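Student: Read in order, the letters of the sequence shown correspond to residues 1 to 478 in our numbering.
All C-beta atoms, glycine included, are put in the ideal place defined by N, C-alpha and C.
On a predicted model such as this, the values are computed, not experimentally measured, just so you know.
One structure, pasted below without further comment.
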Amino acid sequence: MESLRVRFAPSPTGALHIGGARTALYNWLAARGSGGTLVLRIEDTDRERSTPENVEQILDALRWLELDWDEGPISQFERAPRHSERLDELLDSGAAYRDATTGAEVQEWRKENPGRGYRGMALEGAAAEGAAIRLRVPDEGETVVADAIRGEIRFRNDLQDDPVIARADGSVLYNFAVAVDDADMGITDVIRGDDHLSNTPRQLLVLEALGEEPPRYAHLPLLHGPDGKKLSKRHGAASVQELREAGFLPAAVRNYLALLGWGAEDDETLLATDELVHRFSIDRVGRAAAIFDEKKLRWMNGRYMRDESLDRYEAELAGHLARNDPAAAAEFAAATPEARREACEIVRDKAQVVTEVWPLISFLFTEPRIEDVDPKIWSKVMKPGTRSLLRKADEAIAAAEPFDAETLEAGLRELIDSEGVSATKVLQPIRVAITGSNVSPGIFESLVALGRERVVARLDRAVGHLGDRLPGDDSDPG
Ligand code: GLU
């Protein structure tokens, strides 16, 4: 297979968005799958909006996604001398010329000349001073974008304006810089968002004028939300940073983004990254807008979390707590290695994203206060009769030998049967009494992890509290 030279060329004007992450990933897969090279080019020619913080943010997001690059980061801005050099070639050969017409004047001209591309006057000498530089577009023929995803798109040359490629001061414009850089960097395949399709004929014309072989192009369809609208903040996390903060794992994000709009696969297949690399091909990318559905990503992330090794799981959790909740991080760190491990073990099936983990297991590390339990949950679960059931459950749990999930389950099932009540009537009050919440990891595993002593103490406490709070319950024997 031909090894490809591809590039990811973000403009550092803000965070790395999910669409940009998908572009980066597809380039990375194309490079890795072909034994090729990924060049990271920072398109920082917009000096006002391209800040070092934005660059760092993008590099961080790529590192978090574990998308490594082989060359770069190369600053486009710093290549300005090279851009001027190539511009001079075109001026010397007459392929580019100076023209003082303003944008407004071109608009006027267009009204009077419908159906034609604007051609400027090639000014010389003193008249040329202060004039911008345009590229001469041939009057005949077509510029053909043979796009790997969109197919062949033809642009009639006589309909295209001679594009401005540099300002009067000689600083080049975007489409010129991109074309020069792609040529200099030996890029074989340009994989980027659909929003750049309309720039492509101009870049091709520049490459042709420079006598350069054009790369192949693949324009990725835009990402949409489940409502069919262009992906935005309304749909949930919009940037890689936000995905990270929301507790997603990089491997799950890679998996999900790779399958989005990638033809033959549905978007629920779990594929390890080397499998993605192996199977990726730009020809498989579909033309239709890809739907980014955060719910599906959550589901997939949950699968990744479940399959994560306990060591990594614990490290992910500890890292997340350290960044977002120092008090919880300290509590977690203070526990024994066994306690930490057991907590991770029992929560693994339950949490879909890392942010969900701590609320599900914090009861193992700090005693939840009854006063802090949501009153709605408390009153829904603690009914007349509950106090007596909790007492009996307390006895069964205190007597369980050995103190393991099977024995606890058998003992409590026996109680449920002999009382002739539903399992929920017994197990939910236990859950709320020991965890302070109505959702938790499996109840029997939770009891074991908490340990007999703490379970009994918390049940006693709840029984006492019910005595205070529900006097009606006292009519119930027990
Ligand atoms: N700098 C452009 C962007 O961030 C990408 C240009 C390209 O890939 O050619 O949208």
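Spatial neighbours of E414 within its chain, please: C-beta separation below 8 Å, excluding the five flanking residues on both sides.
Tutor: For the purposes of this step, residue 414 is identified with residue 414 of the sequence shown, where counting begins at 1. Non-local C-beta neighbours of E414 in its own chain, meaning closer than 8 Å and more than five positions away in sequence, comprise A396, ordered along the chain.
Student: Who are the near neighbours of T528 in its chain, counting only those whose CB is closer than 6 Å to its CB and skipping five residues on each side?
Tutor: Past the boundaries of the shown model lies residue 528; the chain is included only from 1 to 478, so the question cannot be answered.
Student: Just checking P52 against the ligand GTP - is the residue's beta carbon closer than 7 Å to any of the ligand's heavy atoms?
Tutor: Absence of the ligand GTP is noted for the structure shown, with the ligand GLU being the only ligands found.
Student: For G411, is the classification buried or exposed, using 16 other Cβ atoms within 10 angstroms of its Cβ as the cut-off for buried?
Tutor: Residue mapping note: residue 411 aligns to position 411 of the sequence shown, counting from 1. Buried, because 16 or more other Cβ atoms sit within 10 Å of the Cβ of G411.
Student: Enumerate, from N- to C-terminal direction, the unbroken alpha helix (DSSP H) stretches of 4 or more residues contained entirely within the segment 16 to 47.
Tutor: 18 to 33
Student: I'd like to check one pair, V164 with R116: are the Cβ atoms closer than 8 Å?
Tutor: Counting from one through the sequence shown, the residue named residue 116 turns up at place 116. Counting from one through the sequence shown, the residue named residue 164 turns up at place 164. In this structure, V164 does not lie closer than 8 Å to R116 by Cβ.
Student: Residues in the same chain with beta-carbon distance under 8 Å from P477, minus the five sequence neighbours each way, listed in chain order, please.
Tutor: Locating residue 477 in the sequence shown gives position 477, where the first residue counts as 1. Unreliable positioning characterises P477 in this predicted model, as indicated by a pLDDT of 42, which lies under 50. The coordinate reading is nonetheless provided below. S388, listed in sequence order.
Student: Hey, would you say L297 sits closer than 8 Å to F248, going by beta carbons?
Tutor: For the purposes of this step, residue 297 is identified with residue 297 of the sequence shown, where counting begins at 1. For the purposes of this step, residue 248 is identified with residue 248 of the sequence shown, where counting begins at 1. Contact: yes.
Student: Between which two residues does the alpha helix (DSSP H) carrying L386 extend?
Tutor: Along the sequence shown, read from residue 1 onward, the residue named residue 386 stands at position 386. Residue identity check: residue 386 is Thr in the sequence provided, not Leu. Start and end: T386 to A399.
Student: With three or more C-beta pairs closer than 8 Å as the rule, is the segment 27 to 35 touching the segment 276 to 290?
Tutor: yes
Student: Out of I370, V439, Q160 and K383, which has the shortest C-alpha to C-alpha gap to D465?
Tutor: Taking the sequence shown and counting its residues from 1, one reaches residue 465 at position 465. Per the sequence presented here, residue 465 reads as His, with Asp not at that position. Among I370, V439, Q160 and K383, the Cα nearest to that of H465 is on I370.
Student: D189 by DSSP, collapsed to three states: which one?
Tutor: Taking the first residue of the sequence shown as 1, we reach residue 189 at position 189. Correct three-state label for D189: strand.
Student: Check whether the segment 292 to 308 touches the segment 348 to 368, counting contact only when three or more Cβ pairs, one atom from each stretch, lie closer than 8 Å.
Tutor: yes
Student: For the alpha helix (DSSP H) containing H83, list its first residue and its last residue.
Tutor: Working through the sequence shown from its first residue, we reach residue 83 at position 83. Segment A80 to S93, the alpha helix (DSSP H) holding H83.
Student: Can you confirm whether the segment 161 to 179 touches the segment 67 to 85 when touching is taken to mean that 3 or more C-beta pairs between the two stretches lie within less than 8 Å?
Tutor: yes
Student: Closest by CA to R303, which one among G286, A272 and P73?
Tutor: Taking the first residue of the sequence shown as 1, we reach residue 303 at position 303. Ranking G286, A272 and P73 by CA distance to the CA of R303 puts A272 first.
Student: In whole angstroms, what is the alpha-carbon distance linking A288 and A148?
Tutor: Here residue 288 refers to the residue found at position 288 when the sequence shown is read from its first residue. Here residue 148 refers to the residue found at position 148 when the sequence shown is read from its first residue. If I take the Cα positions, the gap works out to 14 Å.
Student: Roughly how many whole angstroms lie between the Cα atoms of V106 and N113?
Tutor: In the sequence shown, counting from the first residue as 1, residue 106 sits at position 106. In the sequence shown, counting from the first residue as 1, residue 113 sits at position 113. If you draw a straight line from the Cα of V106 to the Cα of N113, it comes to about 10 Å.
Student: Helix, strand or coil: which one does DSSP assign to E268?
Tutor: As a first step, residue 268 is located in the sequence shown; it is residue number 268 there, counting from the start. It is coil, neither helix nor strand.
Student: Whole-angstrom Cβ separation of T435 and S446, contact assumed at under 8 Å?
Tutor: Here the question's residue 435 lines up with position 435 in the sequence shown. Here the question's residue 446 lines up with position 446 in the sequence shown. T435 to S446, Cβ: 7 Å. Contact.
Student: Do you know whose CA, among P12, V55 and A61, lies nearest L25's CA?
Tutor: Residue mapping note: residue 25 aligns to position 25 of the sequence shown, counting from 1. The shortest Cα separation from L25 among P12, V55 and A61 belongs to A61.
Student: Could you pull out every residue in the same chain whose Cβ sits closer than 6 Å to the Cβ of A122, ignoring the five residues on either side in sequence?
Tutor: The residue you call residue 122 lines up with position 122 of the sequence shown. Counting only Cβ-Cβ distances below 6 Å, and skipping sequence neighbours, we find Y97.
Student: Based on the DSSP output, what are the partners of F155 in its beta bridges?
Tutor: In the sequence shown, residue 155 corresponds to position 155, counting from 1. Paired residues: T143.
Student: Please name the residue, chosen from D227, W262, L210 and Y256, that lies closest to E89 on a Cα-to-Cα basis.
Tutor: Position 89 of the sequence shown, counting from 1, holds the residue named residue 89. Ranking D227, W262, L210 and Y256 by Cα distance to E89 puts L210 first.
Student: Is E43 near the ligand GLU, in the sense that its beta carbon is under 7 Å from a heavy atom of that ligand?
Tutor: By one-based count along the sequence shown, residue 43 stands at place 43. Within the cutoff, so yes.
Student: Can you grab the Cα-Cα spacing for the pair E314 / F8, in whole Å?
Tutor: For this step, residue 314 is matched to residue 314 along the sequence shown. For this step, residue 8 is matched to residue 8 along the sequence shown. Spanning the two alpha carbons is a distance of roughly 33 Å.
Student: For A21, is the classification buried or exposed, using 16 other Cβ atoms within 10 angstroms of its Cβ as the cut-off for buried?
Tutor: Sequence index remark: in the sequence shown, residue 21 carries index 21 (1-based). A21 is buried by the Cβ-count criterion.
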